[in-house]
Every structure is written in structure tokens, then in C-alpha cells.
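Chemist: Just passing along the structure, written as C-alpha cells.
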Amino acid sequence: MLATTIIVFREVLEAALIVGIVLAASKGVAGRSVWVGAGVACGVLAAGAVALFAGALSELAQGMGQELFNACILFAAVLMLSWHVVWMGRHGREMAREVGAVGRAVAGGARPLYVLAVVVGIAVLREGSEVVLFLYGIAAQGDTGALAQLAGGALGLAAGIAVGGAMYFGLLTIPQRHLFSATNGLIVLLAAGMAAQAADFLVQADVLPALGQQVWDTSWLLSDKSIFGRVLHTLIGYVDRPSGIQLTVYFATIAIIATLSKLAGHAPQNRAARPSPAE
Amino acid sequence: MRPLGLGLAAVLAAVFLAGARAGAVEESRALTIKDHRFDPAVLEVPAGVKVKLTVRNLDSTPEEFDSHALNREKVISGGGEAQIWIGPLDAGSYDFMGEYHADTALGKVIAK
Chain A
1 MLATTIIVFR EVLEAALIVG IVLAASKGVA GRSVWVGAGV ACGVLAAGAV ALFAGALSEL
61 AQGMGQELFN ACILFAAVLM LSWHVVWMGR HGREMAREVG AVGRAVAGGA RPLYVLAVVV
121 GIAVLREGSE VVLFLYGIAA QGDTGALAQL AGGALGLAAG IAVGGAMYFG LLTIPQRHLF
181 SATNGLIVLL AAGMAAQAAD FLVQADVLPA LGQQVWDTSW LLSDKSIFGR VLHTLIGYVD
241 RPSGIQLTVY FATIAIIATL SKLAGHAPQN RAARPSPAE
Chain B
1001 MRPLGLGLAA VLAAVFLAGA RAGAVEESRA LTIKDHRFDP AVLEVPAGVK VKLTVRNLDS
1061 TPEEFDSHAL NREKVISGGG EAQIWIGPLD AGSYDFMGEY HADTALGKVI AK
């Protein structure tokens, strides 16, 4: 039962951390719970579907369907997260200027929440489908311990959600005026980690070269099998034995998002709120 | 942006040096999963070449081939088969496991 709890906890943890960050990043925005809730619900449904068709999915693209599918949805999440950061680069400062919660809510109301809903949905889908397959395996074996195992799974789910909740409330202790830059920073690293993972799937499918299987090995210091390693893996993309392509894609993603959001921040804006030059 | 650019250049240089050792030769190995155990549990592969693993799952339940040492994870459905590319590896030992049965499904790749 304990093994089941740990496996389910490990999978749920990643999705829960991402949901926690997304909720903190969208704090005070009207309608965010609907969007995030919809994202989680769609993610759960899609996880079931992916688990159901896992066999068929695997056989696509000469047996590399699973890798290509994972890489595609991860890159989709990276695009969404990047778009969020760039959008915040453009509008974040005016939002910070607005005084009071009401002003911020109004300024924040135009934020593209579907972007965050998609990210949440993808996170739940990826981790959820593994949980479903794992629990299906237990149920299919039908031994007497199955019920206890499923109870263990429920415990792991609850523990994972609790950590996501801790992440959320932890982020909320950051003063409001710094919260958006903090969550924005987190989201850039989240995106870079996901992009690196997507690249790794393409190496596994022999689409991209590994560019060095192990550039370094820090598993003696912090194994990414450990719970803390797993948390860092989700948050900042920590990998104890990274390949060359993972590192390249990781840093390239950070550089690209930083550049785009800088450009977006400097671009002229046609907003009434902005003081216009004398006419 | 400048520190980022320098960092990127350093990483690219490291990657290029690491990649230069990679060969173009390819090998393949087959293994099975039965009763939640890998057979063979120890696979010897040549170092420095890409290797295609074909994993056949003879159990009726799904398994996830998982290796942190190799940066690989792939779900193999019950009764299914999967191909996983690994390497080129430096000489050494690389653990892998079936994540859904981590107490019995254990194995390693030894690159020589």
C-alpha cells in the first residue's frame, strides 16, 4: 500500500505544483477558478482517454507515438507559458501601477486565462494518465490487496494535492507587488524545464541527437528520484544527469522568453491609460 | 542578457565536445517483461553507439520503463511492445526499472 501511495504521490505532485503556481499567478483575476477548474477537469478526462488508448498511441509513428505525443503536448504547454510571460511583460507594469484590489482585478481581467487553463490541463493529463495506468494494473490483477492499494492511491492523491496547496499559500505570502514578478520567474523556469523534457522525448524517439548522453552527474548530490529532486525537476527542470540537448533547449528557452518579454515590454502600447505625448 | 548569452555559449561548447564523441553505429537489444521482471535483467551494450531496445511486455498489465540514469520513460501496455533508443553511452552501468513494480522489475544496462 505504501508503494502505491508513493507512486501516486510522485505523479500527482508535479501536476499539483503546477496548478499551485498557476493559481498564484492568476490571483485576484475574476473567473480564474472556473478556468483552472475546467483545465483540471479536461486534464482528468484526457488522462483517462490517453490511458485507454495507450497501446494504440504507442504504435503510431513506427512505435514512437508516445514520445511524439508527449513532446507535442509539452511544447504546447511551453508556448502557452511563454505567451503568458510575454503578456505580463507587456501589461504587468500597468497592473502593478493600479492601486487597490479592485483596480488590479479590472486591469487583470483582460489576462488570457485560457492559456493557464491549457497548461493546467496538460499537466494533469501527463501525470494523470500514468496514475490511471498504474491503478488499472492493480485493479486488473484483482488480488485481495487491491482495495488497500487503491486506498493507498487515494492517500497519495491527497498528499500531492496538499503539497500543491502549500505551494499556492506559500507563494501568496509574497507581497502583492512582487507576486507577479515572482510567479513570472517561476513560470519561465517551468517552461524551460518542460521544453528540455520535450527535447528528451525526441531523443528517445531518435528524432533529435542527444549531444552527449550525460554532460554531468549530480545524482550523488541530489537524485531526481528523491521527492525533493522531483519537486526541483518540476519547478526548475532539475535533472541529475542532463544530456547536451536538454541543456541547450533549457537555456535557449529561457533566453527566447526573456528576449520576447523584453521586446514586448518596450513596444509602444495603444492604451488610453498610458500618458500620450503632447498633441 | 549578456550573462545568459555567455552561459548559452558555454553550454553549447560543452555540448559540442560531448557530442563529438558520439558515433554513428547502431545496435539493437531485446528484452521481455514477465511476472513483473525484466529478462535479461542485465544488458551489455557497446559504449559510444546508439542502441535500440525492444521491450516486450508479456504481462497483461501495463508497465512503465523508467530510467533516471538514461533519462528515459515509456509506458508499455499489457501484451505490448515498445522501442526505446538509448545512448550513445559512456562506459558504465545504468539502472532502469519498471516504475509500476519497482520492487521486482529491476535491471541495468552495462556499456563497455
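Taken in order, these protein sequences are the chains called A and B.
The opening residue of the first sequence carries number 1 in the numbering used here; numbering runs sequentially from there.
The opening residue of the second sequence carries number 1001 in the numbering used here; numbering runs sequentially from there.
Don't be surprised by glycine CBs; every beta carbon is placed ideally from N, CA and C.
Taking C-beta pairs closer than 8 Å, name the residues in chain A that S1060(B) reaches, listed in chain order.
Modeler: A140
Chemist: For R1021(B), which three-state DSSP category applies?
Modeler: Only weak support exists for where R1021(B) lies, its pLDDT of 43 falling under 50; the coordinates are left without a value.
Chemist: Which residues in chain B have a C-beta closer than 7 Å to the C-beta of G63(A)? List them in chain order.
Modeler: Ordered by position in chain B, the residues that pass the 7 Å Cβ test against G63(A) are A1082 and Q1083.
Chemist: Looking only at C-alpha atoms, which of A49(A), Y238(A) and R230(A) sits nearest to L13(A)?
Modeler: R230(A)
Chemist: Going by C-alpha to C-alpha distance, which of W1085(B), G1079(B), E1063(B) and Y1094(B) sits closest to S1028(B)?
Modeler: W1085(B)
Chemist: For the putative contact between A205(A) and L68(A), defined by C-beta atoms under 8 Å, what is the C-beta separation to the nearest angstrom?
Modeler: 6 Å
Chemist: Since V8(A) contacts G153(A) with CB under 8 Å, what's their CB separation in whole angstroms?
Modeler: That belief holds up - the Cβ atoms of V8(A) and G153(A) are roughly 4 Å apart, short of 8 Å.
Chemist: Mind checking the segment 157-181 of chain A against chain B and listing, in chain order, the residues whose C-beta falls within less than 7 Å of any C-beta there?
Modeler: none
Chemist: Determine the closest residue to D319(A) out of G212(A), Q213(A), V239(A) and D217(A), with distance taken between C-alpha atoms.
Modeler: Residue 319(A) is absent from the model: chain A starts at 1 and stops at 279.
Chemist: Once you ignore the five residues that flank M88(A) on each side, which residues in its own chain have a CB closer than 6 Å to its CB?
Modeler: In the same chain as M88(A), and ignoring 5 residues on each side of it, the C-beta atoms closer than 6 Å to its own belong to N184, in chain order.
Chemist: Where do the ends of the beta strand (DSSP E) carrying I1033(B) lie?
Modeler: E1026 to K1034
Chemist: Going by the DSSP bridge assignment, what does K1108(B) pair with across the sheet?
Modeler: V1042(B) and D1095(B)
Chemist: Once the 5 residues before and after D1095(B) are set aside, which same chain residues still bring their CB inside 6 Å of it?
Modeler: A1069 and K1108
Chemist: Classify W216(A) as buried or exposed, calling it buried when 16 or more other Cβ atoms lie within 10 Å of its own Cβ.
Modeler: exposed
Chemist: Check each residue of the segment 238-263 of chain A: if its Cβ is closer than 9 Å to any Cβ of chain B, include it; give the result in chain order.
Modeler: V239, D240, R241, P242, S243, G244, I245, Q246, L247, T248, Y250, F251, A252, I254, A255, A258, T259 and K262
Chemist: What residues in the segment 194-208 of chain A have a beta carbon less than 8 Å from any beta carbon of chain B?
Modeler: Here the close residues are D200, V203, Q204, A205 and D206.
Chemist: Would you please state the rounded distance, in angstroms, between the beta carbons of L125(A) and I73(A)? I believe it to be under 8 Å.
Modeler: Contact flag correct, Cβ pair sits at about 7 Å.
Chemist: Does the distance from the CB of A56(A) to the CB of G160(A) come in under 8 Å?
Modeler: no
Chemist: State the beta-bridge partners of S1067(B) as determined by DSSP.
Modeler: R1072(B)
Chemist: Considering only C-alpha positions, which residue in the set E1081(B), S1067(B) and L1053(B) is nearest to S58(A)?
Modeler: E1081(B)
Chemist: In whole angstroms, what is the alpha-carbon distance linking S261(A) and H91(A)?
Modeler: 10 Å
Chemist: Is any beta-carbon of chain B found at less than 8 Å from that of L235(A)?
Modeler: It does not: the Cβ of L235(A) has no partner Cβ on chain B nearer than 8 Å.
Chemist: Comparing the C-beta of R1037(B) with each C-beta of chain D, is any distance below 8 Å?
Modeler: Absent from the structure is chain D; the protein chains it does hold are A and B.
Chemist: Which two residues bound the contiguous alpha helix (DSSP H) that contains T248(A)?
Modeler: G244 to H266
Chemist: Within 10 angstroms of its Cβ, does D1035(B) collect 16 or more other Cβ (buried), or is it exposed?
Modeler: exposed
Chemist: Considering only residues of the same chain and omitting the five flanking positions on each side of A1030(B), which have a CB-CB separation below 6 Å?
Modeler: T1054
Chemist: To the nearest angstrom, report how far apart G244(A) and L147(A) are at their CA atoms.
Modeler: 44 Å
Chemist: What's the gap between the Cα of L263(A) and the Cα of V203(A)?
Modeler: Taking the straight line joining both Cα atoms gives about 32 Å.
Chemist: Going along chain A, which residues have a C-beta under 9 Å from F1089(B)?
Modeler: Looking at the sequence shown, residue 1089(B) is not Phe but Leu. Under the 9 Å cutoff, chain A gives Q213 and Q214.
Chemist: Contact between the segment 43-55 of chain A and the segment 189-198 of chain A: three or more CB pairs below 8 Å?
Modeler: no
Chemist: Measuring alpha carbon to alpha carbon, tell me which residue in K1074(B), S1067(B) and D1103(B) is nearest G65(A).
Modeler: K1074(B)
Chemist: Applying the criterion that 16 or more other CB atoms from any shown protein chain within 10 Å of the CB defines a buried residue, is A1022(B) buried or exposed?
Modeler: For A1022(B), the pLDDT reaches just 46, beneath the cut-off of 50, and the residue's location in the model is therefore unreliable, although a value from the coordinates is still provided. Classification for A1022(B): buried.
Chemist: Decide if W35(A) is buried, meaning its Cβ has at least 16 other Cβ atoms within 10 Å, or exposed.
Modeler: buried
Chemist: Against chain B, with Cβ distances strictly below 8 Å, would E14(A) count as a contact?
Modeler: no
Chemist: Can you list, in chain order, the residues of its chain whose CB lies under 6 Å from that of S1067(B), leaving out five sequence neighbours each side?
Modeler: F1096
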